[in-house]
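Take a look at the structure below.
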Amino acid sequence: MDNTGNFGYDIIGDVHGHIDELEILLERLDYQYIESVWQHPTRKAIFTGDFICRGLNSKPVIALIRDMVNHNFAQAILGNHELNAILYFTKSKEKSIHEPSKSTLSLLLRFAAEYGRQTDFLANDIHWLRTLPLYLDYGSFRVVHAYWNHEHIKILSQLHEEGK
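Below is the structure:
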């Protein structure tokens, strides 16, 4: 924390379901696992999306990030993999909002398989993902998953509260 009481930030991107690597990274950044949540006394993590898919542990990665966000030790924005999951697992008239490509569908089905028969837990995590913003603007710096486009940000800002 600087002398104005502001936190420092650790920008973490593209975890892709690799929980072990994420925990090692947090340890190396001097975060501690206290009272069931990773935390740092003077810094916050900012997760820049793509924390699911590819690796075999997307469900625990979501749980870790969600706990950090809920306890105000982190913030998170959506990446394309989270958007794909939201669009595929959110149904409209029993049909996905968007049908993914074959390769993306394969990743999403493997992601869903981590939940087994616990479809309520999957739905709950998808609902939580839907609460995350697409970008963060701190004034002195901005966070977006891949590309900051002023025109797109302007449109999103007009459509959604707080970029969500």
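Position one of the sequence shown corresponds to residue 2 (our numbering), numbered consecutively onward. Every residue, glycine too, gets a C-beta built ideally from N, C-alpha and C.
inquiry  = Using the Cβ count rule (16 or more neighbours within 10 Å means buried), how would you classify Thr49?
reply    = buried
### Task
Please report the residue range of the alpha helix (DSSP H) in which Ala75 lies.
Where Ala75 is concerned, there is no enclosing alpha helix (DSSP H), although the beta strand (DSSP E) it sits in stretches over 75-77.
What separation, rounded to the nearest whole angstrom, lies between the Cα atoms of Met69 and Asp11? 13 Å
**Report entry** Proximity of His72 and Gln40 at Cβ, strictly below 8 Å
**Finding:** yes
Legend entry - Supposed contact pair Leu23 and Leu65 - C-beta distance, whole angstroms, cut 8 Å: 7 Å
Checklist line | Residue from Gly140, Ala75, Tyr136 whose Cα sits closest to the Cα of Asn150 | finding: Tyr136
inquiry  = Within 10 Å of its beta-carbon, does Arg180 have 16 or more other beta-carbons around it, so buried, or fewer, so exposed?
reply    = Nothing about residue 180 can be read from this structure; the chain reaches only from 2 to 165.
_Spatial distance of Trp169 from Leu108 (CA atoms)_ = Outside the modelled stretch of the chain, which goes from 2 to 165, sits residue 169, for which no answer is possible.
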